[in-house]
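**Q**
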Amino acid sequence: AQRVTQPEKLLSVFKGAPVELKCNYSYSGSPELFWYVQYSRQRLQLLLRHISRESIKGFTADLNKGETSFHLKKPFAQEEDSAMYYCALRGGGADGLTFGKGTHLIIQP
Amino acid sequence: EAGVAQSPRYKIIEKRQSVAFWCNPISGHATLYWYQQILGQGPKLLIQFQNNGVVDDSQLPKDRFSAERLKGVDSTLKIQPAKLEDSAVYLCASSLDRSAGRTEAFFGQGTRLTVV
Numbered sequence: 002a003q004r005v006t007q008p009e010k011l012l013s014v015f016k017g018a019p020v021e022l023k024c025n026y027s028y029s030g031s032p033e034l035f036w037y038v039q040y041s042r043q044r045l046q047l048l049l050r051h052i053s054r055e056s057i058k059g060f061t062a063d064l065n066k067g068e069t070s071f072h073l074k075k076p077f078a079q080e081e082d083s084a085m086y087y088c089a090l091r092g093g094g095a096d097g098l099t100f101g102k103g104t105h106l107i108i109q110p
Numbered sequence: 036e037a038g039v040a041q042s043p044r045y046k047i048i049e050k051r052q053s054v055a056f057w058c059n060p061i062s063g064h065a066t067l068y069w070y071q072q073i074l075g076q077g078p079k080l081l082i083q084f085q086n087n088g089v090v091d092d093s094q095l096p097k098d099r100f101s102a103e104r105l106k107g108v109d110s111t112l113k114i115q116p117a118k119l120e121d122s123a124v125y126l127c128a129s130s131l132d133r134s135a136g137r138t139e140a141f142f143g144q145g146t147r148l149t150v151v
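Those protein sequence lines, which keep their order, are chains A and B. Heads up, the first sequence stops at 110 in the working numbering, and the numbers go up one at a time, no gaps. Heads up, the second sequence stops at 151 in the working numbering, and the numbers go up one at a time, no gaps.
#1: Alpha carbon to alpha carbon, what distance is there between glycine 101(A) and histidine 72(A)?
#2: Within this structure, are the beta carbons of lysine 10(A) and glutamate 80(A) separated by less than 7 angstroms?
#3: Determine, for glutamate 139(B), whether the minimum Cβ-Cβ distance to residues of chain A falls below 7 angstroms.
#4: To which residues of the same chain is serine 13(A) closer than 7 angstroms at the C-beta, ignoring the five residues directly before and after it?
#5: Let me make sure I understand the geometry here. Which of Arg50(A), Met85(A), Trp36(A) and Gly92(A) has the alpha-carbon closest to that of tyrosine 28(A)?
#6: Tell whether a beta-carbon distance below 7 angstroms holds between leucine 67(B) and leucine 81(B).
#7: Where does glutamine 41(B) land, buried or exposed, given buried means 16+ other C-beta within 10 angstroms?
#8: Quick check: what's the CA-CA separation for glycine 19(B) versus lysine 23(A)?
#9: Apply the 10 Å Cβ neighbour rule to proline 32(A) and answer buried if 16 or more other Cβ atoms are within range, or exposed otherwise.
#10: Determine which residues of the segment 65-89 of chain A have a Cβ less than 9 angstroms from any Cβ of chain B, and write them out in chain order.
Printed below as a string of C-alpha cells:
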C-alpha cells in the first residue's frame, strides 16, 4: 500500500523567513512525487514534480529515497505563498495520485 | 485553454436521496479522474477513466457510487442513496493520454456536497 504523510496541519512563518513543508511517503517501488498547491478560492494545481528537478516560484523539493521524503523548501517566504500544500505520490502502473492530508501555510507580514 | 468544468458547484441533499455530478475535461484529454476530498483530508481517488473505459475503480464504493464516461468526453458521478459521510468536495481532473507518458493532472473547481 502507498501512503503520504504530511505531519504539519498548519505552518506559520514570517515573511522573509525560510519555509520547509515536510512530506514522507511509503511505497515499495520507485514513485513519482509531486507538490500541489491550492490558493484561496482557486483550484488545485501542480506546483512541481521531482522528475523535473526545477524551481517554481522559488520552491524546490528533492526526493530522498533513503529517508523516503520529499520536503518542499523556499529560502525566503512571501505573503503570496499562503495556501494549502499537498504532497502526492504516483506509483506503479497507475496514474491516480495518493495525496497527503495537506499543510496550511500561513505567511505573516 | 479552458480548464476542467464541473457542475453544480454546491449541492445540499437529504440522506438517502440521489445526486449526480457532471464533469467536462480539457479538450483532448483522454484520462479523467474523480476524487473525493473530505474536510481536513487530501483528495482520494475514486475512479479513473481512459477514454470511455475504466482503468481503476478499486476505491469506489460500488454499492452506492457509480460513474460513466459514455462517449469518452464528459463524465457523471452518481451517489444513490447518499449517506451523511458522503459529505465532501468531489473533484474531477483530466490529463493527456497515459500512453503518451505520465502527464500533469488538471483539476476542476469541485462540487461541494452536503448531506443532511
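Where is the CB? At the ideal position from N, CA and C, for every residue including glycine. If you're wondering where the values come from, they're calculated on a predicted model, not measured in any experiment.
**A** This is what the structure gives:
#1: 12 angstroms
#2: no
#3: yes
#4: Ile107 and Gln109
#5: Gly92(A)
#6: no
#7: buried
#8: Residue 19(B) falls outside the range modelled here, since chain B spans only 36 to 151, and no answer is possible.
#9: That one is buried.
#10: Tyr87, Cys88 and Ala89
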